[in-house]
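The structure under discussion appears below in the form of structure tokens.
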Amino acid sequence: MINNAFYGIINVAAYLDDIIIFTLDAEEHKTVLEKVLQRFKQLNITINFDKLTFF
1 MINNAFYGII NVAAYLDDII IFTLDAEEHK TVLEKVLQRF KQLNITINFD KLTFF
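For the sequence shown, UniProt numbering begins at 1 and goes up steadily by one.
Set out below in structure tokens:
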């Protein structure tokens with residue numbers, strides 16, 4: 001299910017309950033992150049903020 005949730009969004013990998021966004025610069029990372037968060041909202045996927053890590 002989680003792999004299908006990000007279909008069409010480039011630079012995103014999903015494995016089990018982990019989401020990895022990989023980009024070359026901060027601006028692109030922000031753009032992809034916004035797309036991922038919007039997709040979460042569309043699919044009513046919740047985020048466990050206790051497990052959330054930003055690099």
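For each residue, glycine too, the CB sits at the ideal point set by N, CA and C.
- Ranked by how close their Cα comes to the Cα of Tyr15, the residues Ile47, Lys41, Asn3, Leu24 have Asn3 in first place.
- For Ile2, the enclosing alpha helix (DSSP H) stretches over residues 2 to 5.
- Ile10 sits exposed, since fewer than 16 C-beta atoms from the chains shown fall within 10 Å of its C-beta.
- Residue range 26 to 43 is occupied by the alpha helix (DSSP H) that includes Thr31.
- Counting only residues of its own chain and dropping the five nearest sequence neighbours on each side, Ala13 has a CB closer than 6 Å to the CB of Ile20.
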